[in-house]
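Count along the sequence shown starting at 1, add 62, and that's the number in the numbering used here. Virtual Cβ for every residue (Gly too), placed ideally from N, Cα, C. Since the model is a prediction, treat every value here as computed from it, not as a measurement.
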Amino acid sequence: MLDDLSTTRNRIMRAALDLVATEGFAATTTAAIARQTGLAEGTLYRHFPGKDALFLAIYRQLKQEVFETVQAKTVPGGSLRDRFGQLWMGVWHAYLSDPAAFTYGQRFAESPLSGSEGAAHEGFHQHVTDLMQDGKDAGLIKPLPGAVLRAFFFPPLVSMLKQALAGHVWSGSDIDAAIEAAWDSWAV
């Protein structure tokens with residue numbers, strides 16, 4: 063994610079993402095970002111009005127890229143259970159492929175900026191909502207509020223990602239079992 067470093071804007075975004083992932087938001091100053099990119103500090107302000115705008119742009123880009131990965135892994139017209147597993151695997155692969163992006167997203171969610179992201183994950187949220195609604199309409203998913211269903215989907219996935227990024231190797235059967243357990247928490 064955020065691998066296209068062909069533009070100055072993308073270089074700034076990637077440097078800030080990496081710094082936040084390793085050092086945290088407080089330590090990611092405009093001076094540190096400038097050092098990381100080899101650019102003058104003033105150059106950052108030609109691309110972003112301020113540090114918060116930069117952090118929001120990174121988050122929005124990450125969410126868009128996760129959504130694109132999930133869409134690419136979801137087969138239209140597949141069974142609801144298959145779509146559920148594809149959604150899980152899409153998120154898994156998106157974040158496992160870029161540990162710094164995962165850490166950035168986790169830190170962003172815990173920051174005061176998290177209430178400012180606006181429609182950053184609108185496409186992804188709609189994808190999950192559509193899956194839940196399709197399942198409820200078909201009588202295959204428990205008629206629970208979306209927030210409850212998401213609580214049985216994302217926290218176990220995030221926990222497993224954290225462990226994987228810390229060096230734990232999950233086997234294919236472990237991942238399949240986790241998906242099945244998450245599905246069982248949704249299924250009627």
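Of the residues A226, Q225 and S221, the one whose Cα lies closest to the Cα of A244 is S221. In terms of Cβ geometry, L211 and F164 do not form a close pair [threshold 8 Å]. With respect to the 8 Å criterion, L116 and T70 are not classified as neighbours on the basis of their beta carbons.
Across the structure, R97 and D192 are spaced so that their CA atoms are roughly 44 Å apart.
Partner residues in the beta bridge of A249, as assigned by DSSP, are I203.
In the assembly as shown, D160 is a buried residue. Its beta-carbon has 16 or more other beta-carbons within 10 Å. In this structure, L118 lies away from E172, with their beta-carbon atoms at least 8 Å apart.
Contact check for I74 against L106 passes: the beta carbons are separated by less than 8 Å. Per the Cβ contact rule, the stretch 136-151 is in contact with the stretch 185-204 (3 or more Cβ pairs under 8 Å). Taking a C-beta distance under 8 Å as the contact criterion, L223 and W150 do not qualify as a contact pair. Classified as buried, R76 has 16 or more neighbouring CB atoms from the shown chains inside 10 Å of its CB.
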